[in-house]
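Protein chains in written order, with UniProt numbering: chain A, 1 to 402; chain B, 1 to 402. Here the structure is laid out as structure tokens; the discussion comes afterwards.
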């Protein structure tokens, strides 16, 4: 597993594998595994008819997947079907698990997800990480990872890889945090500070949030823009079911799109960036509140109580988001915009002015804006599921590793 | 050739073809043709060693390509090489040609390009097409197409397809002009108004300009933003060597990115769109000039003479472009921005303020901005070459058609 686990890839499972006999076998292993996961329990004959291979070919592939612990036999199918009863196959509830981790400005979280997509273990620790150096933060995270892995192992799972979501820009090596202003980190190689025995992928929280939306959301299209926020505002661009990463891996920096070219100065060097109008701290300032730890909770609470100052600040933030998203929608023509991450908690007060602004600036049909059902869980789930997806997309790589 | 000829596709030739024995043969035909085109003249043995197939397999593929008129034998290679002399192969200078056409606001143009990439015939007609109905414009264009095809045929070529560049939004059916405000056309199916005997692809001029830059430019990266203009301002987003089209095919509408949210009203329904500051007519207005036919020529001429009003108007347009491009660069993280099409003629006066603005608003390394060497020829060349590329990427489709 040398390539980033969650790299954008063409539609079908395993399409990125080489165009050789060996590559074809690996793609077919992925097809069998994906089919059983999506439609199982299934007999070998049912899998064969669904993917258009012979029963004999499927049997060989299934045997390999059972040996690797990725599929399991549930025993003979219920009677009443035509022909000799086949043994029903299901994706294993033991076998490999994806370990997801999240470094938030105010918390750390880790979870383990099995091949069926079930979260099997989870650990969270609250506490401000702002301006702490990476070493103690990652030492704490490592503790949580060990705890979650031990729990998963006690249920017969083994960790296939670790994916870490961070609130910052990550280099295309999928290890180095180039800039995480709200943690105060830059050019930090997380690979040297995390357990060396797990294949590692680090990515921006907005990217993992978008992947969670793509994989676990309710009817999410394959082309959408995912907007999320902690203190900064990030976005992820999903095109044809894959992340658009950009040359350096920095695509999706919605927070620094200018919305008022002569507006207030921003830490990025620009003026009037979206973050100056719709970032959590900007909204708190506009509402006359002090930034504390549970910023979204504070704003949502006050807004729900009817605090007119907070409501007006959120309305203005929604308008600024609408201006920036008009630009993004004009450039990308996505099928929809999804508000996710911490931002989803403020959606009731942001959405009306955001939608108004988008509609006011759009001649034709307006791009629909929805709110993620995954909410703040998105990035952590996206991280864990990216490891699981990598196993499903190339089971042969994991079999070699097991 | 049912799919759009120039659809974004993965890196290798023919990668979109199905994963079957038949698909593998078609991909291998494409590999042979691309290899000879890039490195020819080459012997069969040289081709075999370059693409990693046996000499016998390559001979079969070469025979098929020669029968279809895509490759030709130049006769025995020069002596002095080791072994029995093989016959050198080259891409045919007869065989299929790509017919490109451009519907401009002030002109019509058509050209024919052979498989080697050489323009073999060309026709241009000046004249305002603004607010003319599609029928007479396309009747004139059809005349030019017939003329160019006849010239190409007299040199032993045959037209493999027709690609038409238009200054407007094109539906994903690659036939229907949804909206071309500067022609006054909307929902116009060009398929019914152009020669029915040629496979047709219609696309936005910015998209074809970007493809020309990708294929014919000097060291163009595989991830870039191409900005062009006639009266409107369009852009095309190239990601990993393919166009990002968007859900409806409308991606790249840079002209309607807001740069001053409270600025002047725009025909799109918005306010303060880039087009209100950097479109040709806005710049003419700002400079106190009347919009005529050769708008870019007029502006470039006056600016070169030192007209301070024109220079200031262009400087301000460059600043507005810089604001809009800051947003685009933050969202897409391209390797570079290329100014092409008619806009390239104004680059000397736009670029300084554009680059300043981008640098002022960027914390890290600034995204480089360059000017297309293809200039206003880009869209027409991109159209013709898109037909040629489609032949190179799937020669079997053309062989069946020939």
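Built from N, CA and C at the ideal position, the CB exists for glycine as well.
Quick check for students: name the residue ranges of the alpha helix (DSSP H) that lie wholly in the region 296-335 of chain B, counting only runs of 4 or more.
List check, alpha helix (DSSP H) in window: 308-332.
Kindly indicate if chain B contains any beta-carbon less than 8 Å away from that of residue 91 of chain A.
It does not: the Cβ of residue 91 of chain A has no partner Cβ on chain B nearer than 8 Å.
Near residue 44 of chain A, what residues of its chain come up, given a Cβ to Cβ distance below 8 Å and the 5 sequence neighbours on each side ignored?
Excluding positions up to five away in sequence, the list reads 55, 58, 59, 62, 86, 87 and 89.
On a Cα-Cα basis, can you pick out the residue from B/217, B/127, B/201 and B/117 that is closest to residue 337 of chain B?
The shortest C-alpha separation from residue 337 of chain B is found at B/217.
Indicate whether at least one CB of chain B lies closer than 8 Å to the CB of residue 35 of chain A.
No, residue 35 of chain A does not count as interfacial toward chain B.
For residue 213 of chain A, would you say it is in contact with chain B, using Cβ-to-Cβ distances shorter than 8 Å as the test?
No, no contact with chain B.
Could I get the ranges of all uninterrupted beta strand (DSSP E) runs contained in the region 170-257 of chain B, with 3 residues as the minimum, in chain order?
With a minimum length of 3 residues, the continuous beta strand (DSSP E) runs that stay inside the region 170-257 of chain B are 176-180, 185-189, 200-204, 224-229, 233-239 and 242-244.
Okay, do the region 334-354 of chain A and the region 291-303 of chain A touch, 3+ Cβ pairs below 8 Å being the bar?
Touching, per the Cβ criterion.
Does the beta carbon of residue 31 of chain A come closer than 8 Å to any beta carbon on chain B?
So, not an interface residue.
If we cut at 8 Å on Cβ distances, does residue 250 of chain A have a partner in chain B?
By this cut-off, residue 250 of chain A is an interface position.
Starting from residue 114 of chain B, trace the beta strand (DSSP E) both ways and give me its first and last residue.
Its beta strand (DSSP E) spans residues 107-114.
I need the straight-line Cα distance from residue 320 of chain B to residue 262 of chain A, nearest angstrom please.
Near 12 Å, if we compare the C-alpha coordinates of residue 262 of chain A and residue 320 of chain B.
Quick check: is the beta carbon of residue 279 of chain A nearer than 8 Å to any beta carbon in chain B?
False, the Cβ-Cβ gap to chain B never drops below 8 Å.
Please list the partners that residue 253 of chain B has in chain A, where partner means a Cβ-to-Cβ separation under 9 Å.
Those within 9 Å of residue 253 of chain B in chain A are 329, 330, 331 and 333.
With burial defined as no fewer than 16 other Cβ atoms inside 10 Å of the residue's Cβ, what is the status of residue 99 of chain A: buried or exposed?
Buried, because 16 or more other Cβ atoms sit within 10 Å of the Cβ of residue 99 of chain A.
In terms of residues, what are the limits of the alpha helix (DSSP H) holding residue 35 of chain A?
From DSSP, the alpha helix (DSSP H) with residue 35 of chain A extends over 21-39.
Step through the CB atoms of chain B and report whether any lies within less than 8 Å of the CB of residue 175 of chain A.
Not one chain B Cβ lies under 8 Å of residue 175 of chain A.
Below 8 Å between beta carbons: does that hold for residue 161 of chain A and residue 198 of chain A?
Contact flag set, yes.
Name the chain B residues whose beta carbon is nearer than 7 Å to that of residue 260 of chain A?
Chain B residues near residue 260 of chain A: 261.
Does the region 92-111 of chain B come within contact of the region 382-401 of chain B, defined as at least 3 CB pairs closer than 8 Å?
Output reads yes: the region 382-401 of chain B touches the region 92-111 of chain B.
Identify the contact partners of residue 223 of chain A in chain B, using a Cβ-Cβ distance below 9 Å as the criterion.
In chain order: 246 and 247.
On a Cα-Cα basis, can you pick out the residue from B/249, B/159 and B/326 that is closest to residue 178 of chain B?
Answer by Cα proximity: B/249.
Can you tell me whether residue 96 of chain A is helix, strand or coil according to DSSP?
Reduced to three states, the DSSP call for residue 96 of chain A is strand.
Pull up the distance between the alpha-carbon of residue 403 of chain A and that of residue 112 of chain A, whole angstroms please.
Outside the displayed span of chain A (1 to 402) sits residue 403 of chain A, for which this structure offers no information.
CB residue 392 of chain A to CB residue 328 of chain B, shorter than 8 Å?
Cβ distance not < 8 Å, so residue 392 of chain A and residue 328 of chain B don't count as in contact.
Using DSSP's beta-bridge definition, name the partner residues of residue 126 of chain B.
DSSP lists B/107 as partners of residue 126 of chain B.
Whose Cβ in chain B lies nearer than 9 Å to the Cβ of residue 256 of chain A?
The contacting residues are 326, 327, 330, 361, 362 and 363.
Which chain B residues are close to residue 237 of chain A, counting only those with a beta carbon under 8 Å from its beta carbon?
Chain B residues near residue 237 of chain A: 331 and 332.
Pick helix, strand or coil for residue 101 of chain B, following the three-state DSSP scheme.
DSSP places residue 101 of chain B in strand when its eight states are reduced to three.
Could you give the DSSP three-state label for residue 348 of chain B: helix, strand or coil?
Residue state, collapsed to three classes: helix.
Could you check what DSSP says for residue 363 of chain A in three-state terms: helix, strand or coil?
Reduced to three states, the DSSP call for residue 363 of chain A is coil.
Using a Cβ-Cβ distance under 8 Å, would residue 62 of chain A count as near chain B?
Residue 62 of chain A does not count as touching chain B.
Which term fits residue 67 of chain A, buried or exposed, when burial requires 16 or more other beta carbons within 10 angstroms of its beta carbon?
Exposed.
For the pair the region 163-172 of chain A and the region 198-216 of chain A, tell me if three or more CB-CB distances fall below 8 Å.
The region 163-172 of chain A, when compared against the region 198-216 of chain A, does touch it at the 8 Å Cβ threshold.
In whole angstroms, what is the alpha-carbon distance linking residue 134 of chain A and residue 193 of chain A?
Approximately 8 Å, taken between the alpha carbons.
Thinking residue 176 of chain B and residue 269 of chain A are a contact (beta carbons under 8 Å), I'd like their distance in whole angstroms, please.
Not quite, the Cβ-Cβ distance comes to about 43 Å (not below 8 Å), so this is no contact.
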